[in-house]
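Below is one structure, written out as structure tokens; the observations come after it.
Residue numbers (UniProt numbering): 1 to 378.
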């Protein structure tokens, strides 16, 4: 195996926390990745796969197992069975933002609003990454999965991954294990071949984020640059000179609640329907029509509410820190917990627990962490 000298997981993650693993392996080809994982599973040892390390909070204690760094690279352009579309097969270790940049340069639409998200392509389906109304579920066709149960490489269609809001059957949620275990080797996306001209922007949430009128037309390059500028202003684009970017991005998920619960929150709390309201169509056969049209059945959509707003209005402003702690909220974005200088995983977890308690006390809602927590309890 391509084994290298172990170093702290803190050096491998954007939150800059985590102890030293017993063994560290760097897989640069798909064959190395497959052989390494098959060997680790055969030995029944603890394992942790790390791509960009942008969605991990790992405990300070030594990790008694093997950490596998996925460093595979490559984008393969494939034909699509649909006219006007192109498929891209991407190796798991390929940098996500480099993939977005490539797609924009090629005039391929579908992921430009996810510019600047740190991490690797293989991590994208695990929590169905998304931003400004775009999610990987909208473009993902399939993945190649090295299945832990069989040790075999299998192709899994996107429809079998249980992709939901920041979730999939592969994600190890806090308090709930993954439904299926394995390692993603590649992903395949299907993107619209729209070229480099200006086009209407689909999605109200994206238009709102970009401050565009409903009839505005812009290019993919403009969307990418505007999203990058917006994320950078919030400290959400990695920058070694900016401690606000020493984070896992949004530490807590925007909460998905019932419409009834959403009405108990202050009216000014930002919220978005999870599913669009589509008027029901009632079809009544003429031979049974008695002149009475039954009233429509109203199904209220679940609602996504802003976790950042809840945190700030629970009294925790941007830049908040607990006394003597080296962890703190970003000075630019209240949803990001940041490492302000050699903070331990324990300090980061302590702040996360405090935020959860404050929001629950104020609004009756428990925020759920978005990163994968390894050896950490909130």
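C-beta atoms are modelled at their ideal positions from N, C-alpha and C, and glycine is treated no differently. None of the values given here were measured: they were computed from a predicted structure.
Mapping DSSP to helix, strand and coil, what is residue 122? What you label residue 122 is simply residue 122 of the chain shown in a count that begins at 1. Correct three-state label for residue 122: helix.
- Since residue 130 sits in a beta bridge, which residues does DSSP pair it with? Here residue 130 refers to the residue found at position 130 of the chain shown. DSSP lists 135 as partners of residue 130.
Keeping to the same chain, check which residues put their C-beta closer than 7 Å to that of residue 26; ignore five residues upstream and five downstream.
Taking the chain shown and counting its residues from 1, one reaches residue 26 at position 26. Only 2, 4, 69, 71 meet the Cβ criterion.
Fill in: Pair within 9 Å by beta-carbon distance, residue 306 and residue 254
Mapped onto the chain shown, residue 306 falls at position 306. Mapped onto the chain shown, residue 254 falls at position 254. Result yes, Cβ atoms of residue 306 and residue 254 sit closer than 9 Å.
In angstroms, rounded to a whole number, what distance separates the CA positions of residue 277 and residue 24? Locating residue 277 in the chain shown gives position 277, where the first residue counts as 1. Locating residue 24 in the chain shown gives position 24, where the first residue counts as 1. Only weak support exists for where residue 277 lies, its pLDDT of 47 falling under 50; the coordinates are left without a value.
* Which residues share a DSSP beta bridge with residue 378? -> Your numbering for residue 378 matches position 378 in the chain shown. In the DSSP output, where bridge partners are listed per residue, residue 378 has none listed.
So residue 322 packs on residue 193, CB below 8 Å; how close in whole Å?
For the purposes of this step, residue 322 is taken as residue 322 along the chain shown, with counting starting at 1. For the purposes of this step, residue 193 is taken as residue 193 along the chain shown, with counting starting at 1. No, residue 322 and residue 193 are not in contact; Cβ-Cβ is about 51 Å, not under 8 Å.
Name the DSSP bridge partner or partners of residue 384?
Because the chain spans 1 through 378 in this model, residue 384 falls outside it and cannot be assessed.
**OP:** Classify residue 163 as buried or exposed, calling it buried when 16 or more other Cβ atoms lie within 10 Å of its own Cβ.
**Re:** Looking up residue 163 in the chain shown gives position 163. Burial call: buried.
| task | List the residues that DSSP assigns as beta-bridge partners of residue 329. | result | Start at 1 with the first residue of the chain shown, and residue 329 comes out as number 329. Note: residue 329 sits in a beta bridge opposite 337.
inquiry  = In this structure, how does DSSP classify residue 277 when only helix, strand and coil are distinguished?
reply    = Against the chain shown, residue 277 aligns to sequence position 277. Low confidence applies here, because residue 277 scores a pLDDT of 47, under 50, leaving its location unreliable and the question unanswered by this model.
Next on the checklist: Taking 8 Å as the limit between beta carbons, can you name the residues of its chain near residue 79, skipping five residues before and five after?
Outcome noted: Along the chain shown, read from residue 1 onward, the residue named residue 79 stands at position 79. Contacts found: 86, 87.
Problem set entry | Close Cβ partners of residue 207 (< 6 Å) along its chain, the five nearest in sequence each way excluded | The sequence position of residue 207 within the chain shown is 207, counting from 1. Correct list, in chain order: 201.
* Asked: Three-state secondary structure (DSSP) at residue 30?
  -> The residue you call residue 30 lines up with position 30 of the chain shown. Helix.
Identify, in the order they occur along the chain, each residue of the same chain with its Cβ nearer than 6 Å to the Cβ of residue 199, setting aside the five sequence neighbours on each side.
Position 199 of the chain shown, counted from the first residue, corresponds to residue 199. So the qualifying residues of the chain are 217.
Pull up the distance between the alpha-carbon of residue 36 and that of residue 47, whole angstroms please.
As a first step, residue 36 is located in the chain shown; it is residue number 36 there, counting from the start. As a first step, residue 47 is located in the chain shown; it is residue number 47 there, counting from the start. So the alpha carbons of these two residues sit roughly 11 Å apart.
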